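All you need for the working numbering is the position in the sequence shown, starting with 1, plus 1298.
Glycine is no exception: its CB is placed at the ideal position from the N, C-alpha and C atoms.
All values derive from a computational prediction rather than experimental measurement.
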Amino acid sequence: MRGGEKPILFSQMGVGNPMREAYIFLSAMAVFLGIAIIAIVSLQRSGTQLDRLSNTHLKSQSLLDVRSILQMAKMCLETYGMGDCESDSFAFGVLSGGYRLELDKQGAYWADIYVERKNIRTSQILRTRLKLPLQDGKNHNKDKK
């Protein structure tokens, strides 16, 4: 110390009350925790929305597949008859589907169509099953071989 200077105390250097410092620290931690919780909830909500969106897309794609399978069943019935086209199925990776033809008492054909598809994002298996009329009253009982 030079010529009569007094030592500088921590309280004089701007270091304040320990209770005040603890309050500031806890306030900062509360703000940080609040931001972290908001971020986590936001990410979780975003993930749920992506799951719903991907399921909706797969469901609409499955309905398009049902339409295609119905056309395949019609063409098969018209070309080969009920004997060869009573049922058919296929599988492509995460997609499988098929149909089974039925003849009702009035002589109309119905196609019982199913499509199963796995959502790669959620590992859910989405199933679509519809029973649709195949044609209006045309009778296709020919059996070509």
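Legend entry - Under the three-state DSSP convention, the category Asp1402 falls into: coil
Inset, instruction - Leaving out five residues on either side along the sequence, give the residues of the same chain with a beta carbon under 6 Å from the beta carbon of Leu1428. - result: Answer for Leu1428: Val1364 and Ile1411, listed in chain order.
Legend entry - Cα-Cα separation, Met1317 to Ile1338: 31 Å
Legend entry - Ala1389 to Lys1403 span [Cα, whole Å]: Cα to Cα, the separation comes out at about 32 Å.
Inset, instruction - Answer yes or no: do Leu1254 and Leu1375 have a C-beta to C-beta separation smaller than 8 Å? - result: There is simply no residue 1254 to check, as the chain begins at 1299 and stops at 1443 in what is shown.
Legend entry - Closest residue to Asp1386 among Ile1322, Arg1398 and Leu1341 (Cα-Cα distance): Arg1398
Inset, instruction - Given a cut-off of 8 Å, decide if Leu1401 and Asn1353 are closer than it, judged by their beta-carbon atoms. - result: no
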